[in-house]
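Note sheet for the following structure.
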Ligand code: SAH
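Residue numbers (our numbering): 577 to 816.
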């Protein structure tokens, strides 16, 4: 009897150790330190620094779950990682930077174009009321919707389609984040942005370096813009 109890105890201890391992808490905390340090070294992009709120959300989101076959070692490296179909999950610092620049209001609606892995959508989902995200590659839309549901992000809706058109039925939006590069801002996105809202997007030729632009809609027909930093994103695809 004693032996059985001891064996059960050992089993329980072993399974909780492996649960901790699968949670990747140590790797995530190292990644958060990295993101914080990166933000400090980039004051031009982030004059007011990276908020604790965004760092906290980055620190509790299971990034490895958004990467196919992701493990603790791969999932938390501070670099973009291929997720198949020509897509990548963005570098953690860039996700944090775009989120911070978007100044996401707690009671708002956010639109993301380029769901990819679903990671950026999961980050937004913890900072605002509702997230609508559009992905043009079907297997990515299906997989990200599944992971988001498994992890309990029930305020995210994933749609398969061309994000150039935005998602009018889901908006208007307080925040729009575009995670694929194009030479212009799609006009439907500006239309679906509320006055007072922000759009963050890499503008420039795909395949080279782009500028991460922060656009403020200050009146129905008026925007102001600033370039935060140089970035490199996958191309924004247009259906033929
Ligand atoms: N935000 C993602 C990063 C995705 S990379 C993440 O957190 O993982 C950019 C994504 O944009 C790719 O998955 C690509 O398929 C998608 N994409 C490219 N053009 C698009 C378009 N016109 N509409 C919607 N998604 C698009």
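Note that beta-carbon positions come from the ideal geometry of N, C-alpha and C, so glycine has one too. The structure presented is a predicted model; accordingly, all values stated were derived computationally and were not measured.
When beta bridges are read from the DSSP output, residue 712 appears opposite no residue. Under the three-state reduction of DSSP, residue 629 is assigned to helix. When C-beta atoms of the segment 730-742 are compared with those of the segment 756-768, three or more pairs fall below 8 Å, so the two segments count as touching. Of the other Cβ atoms in all chains shown, fewer than 16 fall within 10 Å of the Cβ of residue 794; this residue is therefore exposed. DSSP, read as helix, strand or coil, puts residue 618 in coil. Shown here for residue 721: same chain residues with a beta carbon closer than 7 Å to its own, the five before and five after excluded, namely 734 in chain order. Rounded to the nearest angstrom, the Cβ distance from residue 657 to residue 670 is 12 Å, too far for a contact under 8 Å. DSSP places residue 650 inside the alpha helix (DSSP H), whose first and last residues are 648-651. Residue 764 has its alpha-carbon roughly 31 Å from the corresponding atom of residue 631. In the three-state scheme derived from DSSP, where H, G and I count as helix and E and B as strand, residue 802 is classed as strand. With a cutoff of 8 Å on beta-carbon distance, residue 774 and residue 754 are scored as not near each other. In this structure, the straight-line span from the alpha carbon of residue 803 to that of residue 787 is close to 6 Å.
Nearest to residue 622 by alpha-carbon distance, out of 674, 644, 603, is 674.
Annotation: residue 751 to residue 602 spans about 31 Å, alpha carbon to alpha carbon. Under the DSSP assignment, residue 745 falls outside any beta strand (DSSP E); it carries neither an H nor an E label.
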